[in-house]
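Colleague: Per numbering that gives the first Met the number 0, the very first residue in the sequence shown carries number 0; after that it's consecutive.
Sharing a structure with you now.
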Amino acid sequence: MPALLLANCSSAPKDYAYRFVPGKTAVLEGRYARAPKDAPEAVKRAIAAGNRLVGKPYIYGGGHRRVEDVGYDCSGTASYVLYHAGLLRSPISSTEFRDYGSAGAGKWITLYPRRGHVFTVIAGLRLDTGYNGQGEGPQWSTRGRPAKGAVLRHPPGL
Numbered sequence: 000m001p002a003l004l005l006a007n008c009s010s011a012p013k014d015y016a017y018r019f020v021p022g023k024t025a026v027l028e029g030r031y032a033r034a035p036k037d038a039p040e041a042v043k044r045a046i047a048a049g050n051r052l053v054g055k056p057y058i059y060g061g062g063h064r065r066v067e068d069v070g071y072d073c074s075g076t077a078s079y080v081l082y083h084a085g086l087l088r089s090p091i092s093s094t095e096f097r098d099y100g101s102a103g104a105g106k107w108i109t110l111y112p113r114r115g116h117v118f119t120v121i122a123g124l125r126l127d128t129g130y131n132g133q134g135e136g137p138q139w140s141t142r143g144r145p146a147k148g149a150v151l152r153h154p155p156g157l
């Protein structure tokens, strides 16, 4: 019974589910995202950075030793977009993202770090290296994704 109560706890992360909100949600045009016109500049920079990663291969450890790399893993991808948005000083691991920024979902950017993986939702679109059904490597998606074990975090103010 206690496990059932914990599973229904309101603080447990919700699975990511795409939901379009006019003026707040980025638009997916082919493989690339277009930021909402009135999004904060940091969000626009994060989306532009995510677009630069589309088509790069998945490389375990990619983006950890240096921000600009030939390929990226999940935390390298999250680090890259936050770095280029001015929200992170240097790359960090998926485990370190569990303590990044502020707790809970953000208004514009939410990270879903869990043991061994992290994905990022920026203006409603998911930037992820897996669970896309279209191969590996950083890419945008509107496809839902389970968030079991994730601790939602966001950059302060966003």
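Note that CB positions come from ideal geometry on N, CA and C, so glycine has one too.
Computed from a prediction, not measured in an experiment: that's the story for all the values here.
#1: According to the neighbour-count rule (16 or more other Cβ atoms, all chains shown, within 10 Å of its Cβ), is F19 buried or exposed?
#2: Using the rule of at least 16 other Cβ atoms within 10 Å of the residue's Cβ for burial, across every protein chain shown, is K106 buried or exposed?
#3: What three-state label does DSSP hand S140 in the structure shown?
#4: Let me know if V69 comes out buried or exposed under the rule of 16 or more other beta-carbons within 10 Å of its beta-carbon.
#5: Give me the residue from H153, L86, A146, A84 with the minimum Cα distance to I108.
#6: Where does the unbroken beta strand (DSSP E) through R64 begin, and where does it stop?
Modeller: The relevant details are as follows:
#1: Answer is exposed; the Cβ neighbour count stays below 16.
#2: So K106 counts as exposed.
#3: Note: S140 maps to strand in three-state DSSP.
#4: Exposed, since its Cβ has fewer than 16 Cβ neighbours within 10 Å.
#5: Looking at the Cα atoms, H153 is the closest of the given residues.
#6: Careful: R64 lies outside any beta strand (DSSP E) and carries neither H nor E.
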